[in-house]
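Sequential numbering from 106 applies to the sequence shown in the working numbering.
Notes for the one structure printed next.
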Amino acid sequence: MTAHGPFSRARLLPSLLGLLLLLAGLAMLIGGIRLVMLDGSPYYLIGGLAVAATGVLLFVASRTALLVYGLFLLGSCVWALWEVWLDWWQLVPRLALWFAVGILLLLPWFRRPLGAPGQGGGVGTKLVGAGVVVAGIAALVSLFMPDRGEIDGELSHERVRLENPAPDAAPGDWPSYGRTAFGQRYSPLNEITPENVDQLELAWTFRTGDIPGPNDPQETTAENTPLKVNGMLYVCTPHSQVIALNPDTGEEIWRFDPKLSTQDAESFKGWAHMTCRGVAYHDEASYGAVPPASPDMPADRCTKRIFLPTADTRLIALNADTGKPCPRFGDGGSVNLATGIGDFNPGGYYSTSPPSVTRDLVIIGGHVTDNVSLDEPSGVIRAYDVRTGELVWNWDSGNPEETEPLPPGEIYTRNSPNMWSIMSVDEDLGLIYLPMGNATPDQWGGHRTPPMERFSAGITALDIATGQVRWVFQTTHHDLWDMDVGGQPSLTNVETAQGPRPALIASTKQGSIYVLDRRTGEPIIPVEERPVPQGAAEGDWTAPTQPFSKLDLQPPLMTEQDMWGVTPFDQMLCRIEFKGLRYDGIYTPPSVQGSLVNPGNFGVFDWGGVSIDPQRQIIFMNPSYMAFTSQLVPREHVGNAQRISEIEGVQPNKGAPFGVILQPLLSPLGLPCQAPAWGYIAAADLTTGEVIYKRKNGTIRDSAPIPLPIEMGVPSLGGTILTAGGVGFLSGTLDQYLRAYDVATGEELWKGRLPAGGQTTPMTYAGADGRQYVLVMAGGHGSLGTEQGDYVLAYRLPEQPQ
């Protein structure tokens, strides 16, 4: 090496930078050629040439490098502002790296060895400086611009105030999954307010001891919302244990372990889920006088019952006071939910969600594993006598007219649409409302029968006494996108021009929120059938239109410009992937080419549903936005391909002409290809159907390689709750926090750090001393990769001095 060679001491830094830029430019050039061939942006091809040329010129110590790079940087600024204007997170992958290189080139250690004129001189230096200034100003100004996708509004203090029509419950209790059978997730407690919520502190912590084991399925989750009733808290764990706790101290009172029969290594292979979202409570006294004792009635009368669905297909009735099985219910306290189901793999059928209870019945549906075959268990809904466990009626969506109990030895219709989530009940109307899924597989429906088509992906109202269908409202026709109605429908009264109407609010994965008259299924907020993309796979078909509600939080049409990344390179790769997929907007049919599904399988709203303030007439919610891809795999190419989970590997769809590969649209770095924000907190006006506000929510602290609390708005899985004090709560974000919000504005008022992921719905209750608690289960979520644990945490305000 000579004093004048490319690696002389003075020229070492620009030579090394030149080599890196040459490699970067060649990568951009190759990717840019591919993108242009897909009819994408030519920027990366042009930019690759410019960056590579800058690298060569730096390596040979030519001052022309500054001129070329200055033109490239200014051009990049113009292109970036033309594509995304002043959107800070969208500007980052387009300009941040090139801005940093521009700064380096202005430093004397890089500039002087090129023989450039002195400080501030030279056209190239001025161009680089101008590019740095423009990029810097754009970044600075964009920090103060409204965030993309946000709606800035405030709830009016002059609101219609209606009486809450929900069933009676003690104000300090939370006796049902959604607090009452109406599923509003609204508490009349008001001790905690926007003015004092920032004083919340941890009151107690309890650990269940139930943590994921080596033989558990990947999606082992603690999605439980505990109940507070009968002076106790009732918690269920992923392995179907029930624990009764003291609400004031968190001390264990009793525990019931069903000792799952399937808990061994071989049985757990292929399971999709291991979860318990909740239990149900039934009290004879709430329906009138407790029946008197009789000589033939056991001493343990179980007038207060906890109903527990287990992962090994049992429905168990427990004495709510003692935790012991109720001996008169079924066979020693349980009924076998596998009866009449037929063959299924372990975990292929059981109830992950709590049943619903009425005066005389406990009513339960079931989870069926998606995308395994065309011969999966039935989606039957069954009603049992709450006292004896005797089957009273069954509603099989594959045979909807025959609701008399199935004769012994027969099985329910295989593969009929199921209801895996939580039902709502209006006992005054005598109706129970089912949020329905579809017949598996999700992405190919050429085999579906007329009953399957009628009842999938919508709301079905059944007569409580008989199980007969009273009305049906379908939210997705011929569902090919896994658009199950995942959330519990919420019941309330809605003020209209004709006066209050009894309403049902159904949140959906596609983002439309349907507000229906719960007596008839007729829309209260208008619903419009609109044309959607056509062109299904061979042997299948697509519905020509789909129903869109006026109250809609669907994402806008995605474009190439919406592709995102941390650097220009992963953004470019995301743009290449986007252009290689079929995408004609929402409801683009699955394809062998690969289709973009936006919103994706997790949905804008999933099983967390929404919460309702029946007095203020608002919906409080947590929409999320994550695109997926759906690629059909012809049967001859499926072979022995491995199914790893519901979103990994090839889903076999045995019996169908196609398997399918489902996965989120992610960059090579594992980050979403679509630009943030990915998660929000929002509110809508029930009287007008208008969104009041929508604010990005959550940080990347627990998702990024470096735990930085950057507020980008992250997805959440789990639901919101509301209180009469004007505070809402959410724990389901991918970062580990329980958050409190001002319901009037959506402003985050407080957050408490959780020891594990809180992918569940919190609840609130009053202790024996009348103080208000907020409780959450933090156990994490295997598929989402959040920290797993076994924590139950209760928060309250500090005790005020007397």
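Ideal Cβ positions, reconstructed from N, Cα and C, are used throughout, including at glycine.
Please report how far the alpha carbon of residue 310 lies from the alpha carbon of residue 896, in whole angstroms.
If I take the Cα positions, the gap works out to 7 Å.
Taking the DSSP output, what are the residues bridged to residue 472?
Paired residues: 455.
Relative to the alpha-carbon of residue 513, which residue among 500, 444, 568 has its alpha-carbon at the smallest distance?
Out of 500, 444, 568, 444 has the C-alpha closest to the C-alpha of residue 513.
Run through the DSSP bridge pairs and tell me what residue 700 is partnered with.
Its beta-bridge partners are 687, 735.
With DSSP run on the structure shown, which of helix, strand or coil describes residue 124?
Of the three classes helix, strand and coil, the one that applies to residue 124 here is helix, per DSSP.
Taking 8 Å as the cut-off, decide whether the C-beta atoms of residue 780 and residue 667 are in contact.
In this structure, residue 667 lies closer than 8 Å to residue 780 by Cβ.
Relative to the C-alpha of residue 735, which residue among 695, 707, 778 is closest?
For residue 735, the nearest C-alpha among the options comes from 695.
Would you kindly work out how many angstroms separate the C-alpha atoms of residue 521 and residue 184, rounded to a whole number?
Taking the straight line joining both Cα atoms gives about 52 Å.
Is the distance from the Cβ of residue 883 to the Cβ of residue 859 below 8 Å?
Yes, these two residues count as a Cβ contact at 8 Å.
Leaving out five residues before and five after residue 833 in sequence, what residues of the same chain have Cβ atoms less than 6 Å from its Cβ?
Answer for residue 833: 725, 825, 827, 846, 848, listed in chain order.
Looking at residue 471 and residue 461, is the spacing between their C-beta atoms short of 8 Å?
No. Outside cutoff.
Quick one: complete beta strand (DSSP E) runs, 3+ long, within the stretch 613-641?
Counting whole runs of 3 or more residues, the stretch 613-641 contains the beta strand (DSSP E) stretches 618-622, 632-636.
Is it a yes or a no for the stretch 119-128 touching the stretch 142-149, going by three-plus beta-carbon pairs under 8 Å?
Judged by Cβ distances under 8 Å, the stretch 119-128 makes no contact with the stretch 142-149, as fewer than three pairs qualify.
Please name the residue, chosen from 750, 821, 478, that lies closest to residue 712 on a Cα-to-Cα basis.
Ranking the options by Cα distance to residue 712, first place goes to 821.
Specify the secondary structure class of residue 675 as computed by DSSP and reduced to three states.
Looking at residue 675 - three-state DSSP - the assignment turns out to be helix.
By alpha-carbon positions, which one of 600, 620, 603 ends up nearest to residue 609?
Checked all of 600, 620, 603; the closest Cα to residue 609 is 620.
Does the structure place the stretch 412-420 close enough to the stretch 339-351 that three or more beta carbon pairs sit under 8 Å?
Flag = yes, the stretch 339-351 and the stretch 412-420 touch.
Quick check on this structure: which residue in 205, 407, 284 has the alpha carbon closest to the alpha carbon of residue 332?
It is 284.
Within 10 Å of its beta-carbon, does residue 741 have 16 or more other beta-carbons around it, so buried, or fewer, so exposed?
So residue 741 ends up on the exposed side.
Under 8 Å between the Cβ atoms of residue 816 and residue 377?
Not closer than 8 Å, so no.
Could you check which residue in 360, 672, 409 has the C-alpha nearest to that of residue 199?
Comparing Cα-Cα distances from residue 199 to each of 360, 672, 409, the minimum goes to 672.
CA-CA distance, residue 690 and residue 653?
The straight-line gap from Cα to Cα measures roughly 14 Å.
Can you tell me the Cα-Cα spacing of residue 698 and residue 687, whole angstroms?
Rounded to whole angstroms, residue 698 to residue 687 spans 7 Å at the Cα level.
Look at the Cβ atom of residue 549, then the Cβ atom of residue 758, and state whether they are nearer than 8 Å.
Yes, Cβ-Cβ distance for residue 549 and residue 758 is below 8 Å.
Take residue 906 and list the residues in its own chain whose beta-carbon comes closer than 6 Å to its own, dropping the five residues that flank it on each side.
Hits under 6 Å: none found.
Name the residue from 269, 193, 180, 235 whose alpha carbon lies nearest to the alpha carbon of residue 253.
Closest by alpha carbon: 193.
Restricting to runs no shorter than 4 residues, where is the alpha helix (DSSP H) found entirely within the stretch 733-782?
You should have 740-743.
Under 8 Å between the Cβ atoms of residue 215 and residue 118?
Yes, the pair counts as a contact, with Cβ atoms nearer than the cut-off.
DSSP three-state label for residue 842, please.
Residue state, collapsed to three classes: strand.
For residue 108, does the three-state DSSP call read helix, strand or coil?
The predicted model places residue 108 with a pLDDT of 47, which falls under 50 and marks its position as unreliable, so this point remains unresolved.
Pick helix, strand or coil for residue 182, following the three-state DSSP scheme.
In the structure shown, residue 182 sits in a helix (DSSP, three-state: H, G or I).
Helix, strand or coil for residue 889, going by three-state DSSP, please let me know.
Looking at residue 889 - three-state DSSP - the assignment turns out to be coil, as it is neither helix nor strand.
If you compare alpha carbons, which of 604, 635, 738 is closest to residue 617?
Of 604, 635, 738, the residue nearest in Cα terms is 635.
Mark residue 286 as exposed unless 16 or more other C-beta atoms lie within 10 angstroms of its C-beta, in which case mark it buried.
So residue 286 ends up on the buried side.
Is residue 576 a contact residue of the ligand GTP, with contact defined as CB to any heavy atom under 7 Å?
Looking for the ligand GTP in the displayed structure turns up nothing, as the structure carries no ligands at all.
With distance defined between alpha-carbon atoms, name the residue in 657, 384, 556 nearest to residue 528.
Closest option to residue 528, Cα to Cα, is 384.
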